Amino acid sequence: MNSQIEPANPLRRKRWNPYLVGTLIGVLSWITFLTMDKALGTSSSMVHVAGLVESVAGNADKVTGPAANSYYAKEISEKTPMFDWQVFLVIGVFIGALVSSRLSGDRSTECVPGLWSWRFGPSKATRYAAAFLGGAVMLFGARMAGGCTSGHGISGGLQLALSSWTFFMAMFASGVAVAFGLFGKGGRHHVV
Amino acid sequence: MWFDSPGMIIGGLVAGVVFGFLLQKGQVAKYRVIIGQFLFTDYTVLKIMLTAIVVGAIGVWGMLQFGMIQHLHVKPAVLVATGIGGLIFGVGMAVLGYCPGTGVAAMGEGSHHARWGFAGMIVGAAAFAAVYPSLEKGFMKLGEVAVTTGDKVNNKVTLPDVTGVSQWVYIAVLAAISLGVFALIGKWERKQGLQ
Chain F
1 MNSQIEPANP
11 LRRKRWNPYL
21 VGTLIGVLSW
31 ITFLTMDKAL
41 GTSSSMVHVA
51 GLVESVAGNA
61 DKVTGPAANS
71 YYAKEISEKT
81 PMFDWQVFLV
91 IGVFIGALVS
101 SRLSGDRSTE
111 CVPGLWSWRF
121 GPSKATRYAA
131 AFLGGAVMLF
141 GARMAGGCTS
151 GHGISGGLQL
161 ALSSWTFFMA
171 MFASGVAVAF
181 GLFGKGGRHH
191 VV
Chain L
1 MWFDSPGMII
11 GGLVAGVVFG
21 FLLQKGQVAK
31 YRVIIGQFLF
41 TDYTVLKIML
51 TAIVVGAIGV
61 WGMLQFGMIQ
71 HLHVKPAVLV
81 ATGIGGLIFG
91 VGMAVLGYCP
101 GTGVAAMGEG
111 SHHARWGFAG
121 MIVGAAAFAA
131 VYPSLEKGFM
141 KLGEVAVTTG
151 DKVNNKVTLP
161 DVTGVSQWVY
171 IAVLAAISLG
181 VFALIGKWER
191 KQGLQ
């Protein structure tokens, strides 16, 4: 496909205007509030998946039942079952991004991003280890804070929640500091 | 204990597909866009988030005002855990280059390293569950901000709750700040010859 010509069908375009995307995400949040009495969020699903993995791995009594870990007991309950709406939301996010990228041909097989390679070399193992560690630290922080960029950032932000604006400032400040720490000012010329 | 109602499952799935579709079209399922925001070379994340927050706020608070929805879903204001959790979150996000939602969207787009990030997220969630029992009575309650109405103590507070200033003032100010930020970003982008 010639990347110079924008396809007439918007679904086949690679990039939508970010203000349009933001508006539509805002409208999506109205719809989840109105039809499901829910706010968009993703990180508590990871607790459900972790609980599921631990259950399958033979630790079921640690996740459910009277001897359950108090966090799993709090997060996975009658009200928010193992496969609750948000777990399906996360599955949906995967499918939606898959469909969107297939429609536009904007597929990626990125193993080591250009910026990372510029700074830390092209080793896949190093990048995968860092991605794993980064993901673990991030989710640990999300659960301590009670949400992530969607649950706190977008949903909490729009509800003008004191906790969410606290989270937003904290995570943005440390994200900026660590990104500059990792890549330096020079990294700004290598963001690919 | 195992499954939500069929309606919630379908609703969650549909909302997720739309959300993932929008994240991918918005280009935020890409490492370079997320890291570019932290390095201030790409402002896509801020544009999307601020627009979503302002538009979302107008609708959600409007529906609340007109009785179309009965309540909000505000997270407890325990500001020490939220603040420190946020700082830890930012560290992990800068290393991974995705947040939880955009990381899953990146997997949908095909990114290989995002899969390792996802595996890490599951381990991070399990790690937090493991330490939670030792934190729940002390640390997780520090810096609590609550509003008392009658004999009810509520820590799920909003900025209007704690300041007494109308939500519409906050939304108007937030919209004005966002428009100002967008204007500055546009000016910077033109200077860079970006668009």
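Protein chains in written order, with my numbering: chain F, 1 to 192; chain L, 1 to 195. By construction, the Cβ of each residue, glycine as well, lies at the ideal position given by its N, Cα and C atoms. Just so we're clear, the structure is a prediction, and the values are computed from it rather than from any experiment.
Neighbours of Phe66 of chain L in chain F, taken as residues at a C-beta separation under 8 Å, are lacking, since the least C-beta distance is about 11 Å. Thr126 of chain F does not reach chain L, its nearest Cβ partner there being about 10 Å away, counting only Cβ pairs nearer than 8 Å.
Residue contact with chain L for Asp84 of chain F: present (Cβ-Cβ distance below 8 Å to some residue of chain L).
Taking C-beta atoms as the reference points, Thr44 of chain L and Val33 of chain L count as a pair closer than 8 Å. By the neighbour-count definition (other C-beta atoms within 10 Å, threshold 16), Ser45 of chain F is a buried residue.
Residue range 124-145 is occupied by the alpha helix (DSSP H) that includes Thr126 of chain F, with no beta strand (DSSP E) assigned at that position.
Residues of the region 165-176 of chain F whose Cβ lies closer than 8 Å to any Cβ of chain L, in chain order: Trp165, Thr166, Phe167, Phe168, Met169, Ala170, Met171, Phe172, Ala173, Ser174, Gly175, Val176. Under a 10 Å Cβ-count criterion, Phe21 of chain L is classified as buried, with 16 or more other Cβ atoms of the shown protein chains found around its own Cβ. Below the 8 Å Cβ cutoff, chain L contributes Tyr31, Arg32, Ile35, Gly97, His113 as neighbours of Pro113 of chain F, in chain order.
As a beta-bridge residue in DSSP terms, Ala161 of chain F pairs with L:Thr158. Counting C-beta atoms within 10 angstroms of its own C-beta, Gly90 of chain L has 16 or more neighbours from the protein chains shown and is therefore classed as buried.
If only complete runs of 4 or more residues are kept, the region 1-30 of chain F shows no alpha helix (DSSP H) anywhere. Ser108 of chain F and Arg102 of chain F have their C-alpha atoms some 10 Å from each other. Closer than 8 Å to the CB of Glu109 of chain L there is at least one CB belonging to chain F. Relative to Gly41 of chain F, the option among F:Ile25, F:Pro122, F:Ala50, F:Val56 whose CA is nearest is F:Ile25. Shown here, Lys152 of chain L sits in a strand according to DSSP, grouped into three states. Not a single CB atom of chain F sits nearer than 8 Å to the CB of Glu189 of chain L. Between Ala125 of chain L and Leu182 of chain F, the C-beta spacing is not below 8 Å. For Ala94 of chain L, the closest C-alpha among the options F:Pro81, F:Leu98, F:Trp116, F:Arg15 is that of F:Trp116.
Nearest Cα to Met49 of chain L within the set F:Lys62, F:Ala73, F:Ala136, F:Phe172: F:Phe172. In the structure shown, the three-state DSSP call for Glu136 of chain L is coil. A Cβ-Cβ separation of about 5 Å places Gly16 of chain L in contact with Val93 of chain F under the 8 Å criterion. In terms of Cα proximity to Phe38 of chain L, the closest of L:Lys191, L:Gln24, L:His71, L:Cys99 is L:Cys99.
Chain F places no beta carbon closer than 8 Å to that of Trp168 of chain L, leaving this residue out of the contacts. Each residue's CA atom was taken as its position, placing Val147 of chain L and Thr158 of chain L some 10 Å apart.
Taking the C-beta atoms as reference points, Ala170 of chain F is found no nearer than 8 Å to Gly103 of chain L. One finds Pro18 in chain F with Cβ atoms closer than 7 Å to the Cβ of Thr44 of chain L, taken in chain order. For Ile34 of chain L, the enclosing alpha helix (DSSP H) has its first and last residue at 31-38.
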